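These protein sequences, in sequence, are chains A and B.
Once you know that position 27 of the first sequence is 27 in my numbering, the rest is easy, because the numbers rise by one and skip nothing.
Once you know that position 11 of the second sequence is 1011 in my numbering, the rest is easy, because the numbers rise by one and skip nothing.
Yeah, the Cβ is synthetic: ideal placement off N, Cα and C, and Gly gets one too.
Quantities reported herein were computed from a predicted structural model and do not represent experimental measurements.
Data first, discussion second: the structure below is written as structure tokens.
Protein chains: 2
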Amino acid sequence: MSSSLPPVPGPSRWDNLGQHTQLHTRVFDVLGVRYRHPVRGTERDFIVVQAPDWVNVVALTTDQHLVLVRQFRFGIDAFSLEIPGGVMEAGEDPIAAGLRELREETGFAGGSARMLGTVHPNPAIQSNRCHFVLVESVARSHELEWDADEEIQVETMPVEQVLTLVRNGGITHALALNALLLFNLHRQAAGRA
Amino acid sequence: MSSSLPPVPGPSRWDNLGQHTQLHTRVFDVLGVRYRHPVRGTERDFIVVQAPDWVNVVALTTDQHLVLVRQFRFGIDAFSLEIPGGVMEAGEDPIAAGLRELREETGFAGGSARMLGTVHPNPAIQSNRCHFVLVESVARSHELEWDADEEIQVETMPVEQVLTLVRNGGITHALALNALLLFNLHRQAAGRA
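Encoded structure:
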């Protein structure tokens, strides 16, 4: 807290009194969660979207290309250029999930994988996390295994060209963008850029 | 497309046949949107979360501190360190919305504001956008105007310390992280880091 700011009471941790499902869908549930303020005693329902954790994969070839996927996205009713990713299975390890999604969506597999970071897609209204996995030395070695209704254009692009898209608004998926920006940050820290 | 990849048919743009509301809440609606594949002719309902656009603000003081907010977040049932932000009003300009949210949440206001970028929080299932605004030369000049149930701890922190948190997982809100990483990228491009 800057010394120029007047003291204000810190925010309280509200008491979670329980939840009920308002809507069940194939990709998430919408809950109403009852909370009570510990000081004021007021009670209110807050809306929470509950989904499995997600994973996004930065996949780097030996010649410094990144694996990108382009697909029609129903949320925005438009095409979107992204990195591979998807929904984790129950109990699945993030790195295993990342390698699985990479292989199924693009046919690429690689030698070494590690975590780039983990975020909350939206802590205000959403309970799940999204994990970012870096896989290096990937090559196309497997058949594609798309889910029903998946149609994916797989591309590889030089890292510097992808980073230009990142800077210029060519990649708008917030989670893909986060993963690529974190990849760039760690790459700079390692002295490779 | 890398020359090593076999040709695959490009993804189709599905035809949007109309939508119905499955759930209405205070913060978003959940729609079922009917789509038909233009080649296969199959029809299916896809789930879309429809919310107003959001705005997040990177606010920089003249002594190179960033304005952060810490609050209890009902989605993750935990505290989260973020940048100021909120829901845009209908027809509101992103920069005007960013300056309004900054002032209301933190009491800070500043001299010059510009866009850092715009993302889709989740193109797969969510239609809205989130805008990132940079406001420079901010100072605390206004009274706080919190919404009902808002309790916000306002902090200022040196830029380099915030970027250490960004690298180390101390800021997990995906959209706040995106804004700070884009701020860092543009700052580097401008030769100030």
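Beta-ladder partner(s) of residue i, from DSSP
{"i": "leucine 1066 of chain B", "result": "B:Leu1060, B:Met1157"}
{"i": "glycine 1032 of chain B", "result": "B:His1020, B:Ile1047"}
{"i": "alanine 139 of chain A", "result": "A:Ala109"}
{"i": "valine 27 of chain A", "result": "In DSSP, valine 27 of chain A forms no bridge with anything."}
{"i": "arginine 73 of chain A", "result": "A:Ala78"}
Backbone secondary structure at residue i - three-state DSSP
{"i": "glutamate 82 of chain A", "result": "strand"}
{"i": "alanine 1113 of chain B", "result": "strand"}
{"i": "valine 162 of chain A", "result": "helix"}
{"i": "histidine 20 of chain A", "result": "strand"}
{"i": "histidine 120 of chain A", "result": "strand"}
{"i": "phenylalanine 1132 of chain B", "result": "strand"}
{"i": "histidine 1186 of chain B", "result": "helix"}
{"i": "alanine 1096 of chain B", "result": "helix"}
{"i": "arginine 1040 of chain B", "result": "coil"}
{"i": "arginine 13 of chain A", "result": "coil"}
Cβ-based burial, residue i [other Cβ within 10 Å; buried from 16]
{"i": "glutamate 1043 of chain B", "result": "exposed"}
{"i": "glycine 194 of chain A", "result": "With chain A running from 1 to 193 in the structure shown, residue 194 of chain A is simply not present."}
{"i": "tryptophan 54 of chain A", "result": "buried"}
{"i": "glycine 85 of chain A", "result": "buried"}
{"i": "serine 127 of chain A", "result": "buried"}
{"i": "leucine 1017 of chain B", "result": "exposed"}
{"i": "threonine 156 of chain A", "result": "buried"}
{"i": "proline 94 of chain A", "result": "buried"}
Candidates the options: closest to residue i by CA position
{"i": "glutamate 1104 of chain B", "options": "B:Val1057, B:Gly1111, B:Ala1124, B:Gly1091", "result": "B:Val1057"}
{"i": "phenylalanine 1046 of chain B", "options": "A:Ile76, A:Met157, A:Leu60", "result": "A:Ile76"}
{"i": "leucine 68 of chain A", "options": "A:Ala176, A:Leu182, A:Asp29, A:Gly191", "result": "A:Ala176"}
{"i": "aspartate 196 of chain A", "options": "A:Val39, A:Val30, A:His186", "result": "There is simply no residue 196 of chain A to check, as chain A begins at 1 and stops at 193 in what is shown."}
{"i": "histidine 1020 of chain B", "options": "B:Pro1011, B:Val1048, B:His1037, B:Gly1010", "result": "B:Val1048"}
{"i": "alanine 96 of chain A", "options": "A:Gly18, A:Gly10, A:Ala113", "result": "A:Ala113"}
{"i": "glutamate 1160 of chain B", "options": "B:Gly1041, B:Leu1134, B:Asp1063", "result": "B:Asp1063"}
{"i": "valine 1033 of chain B", "options": "B:Val1119, B:Ser1012, B:Ala1124", "result": "B:Ala1124"}
{"i": "phenylalanine 1074 of chain B", "options": "A:His131, A:Ile152, A:Asn122, A:Gln22", "result": "A:Asn122"}
{"i": "isoleucine 1152 of chain B", "options": "B:Gly1010, B:Arg1036, B:Thr1061, B:Glu1101", "result": "B:Glu1101"}
{"i": "proline 11 of chain A", "options": "B:Leu1182, B:Arg1070, B:Ala1189, B:Asp1029", "result": "B:Arg1070"}
{"i": "threonine 1061 of chain B", "options": "B:Gly1098, B:Leu1134, B:Met1115", "result": "B:Leu1134"}
Cut-off 7 Å between Cβ atoms - residues of its own chain near residue i, not counting five sequence neighbours on either side
{"i": "threonine 25 of chain A", "result": "none"}
{"i": "valine 111 of chain A", "result": "Just to set this straight, residue 111 of chain A is glycine in the shown sequence, not valine. The answer, listed in chain order, is Glu136, Ser137."}
8 Å CB neighbourhood of residue i in its chain, flanking five on each side removed
{"i": "glycine 1107 of chain B", "result": "Arg1140, Ser1141, His1142, Glu1143, Leu1144, Val1154"}
{"i": "valine 1027 of chain B", "result": "Ala1051, Val1087"}
{"i": "threonine 1164 of chain B", "result": "Gly1170"}
Residues near residue i in its chain [Cβ-Cβ closer than 6 Å; skip 5 each side]
{"i": "phenylalanine 1072 of chain B", "result": "Phe1079"}
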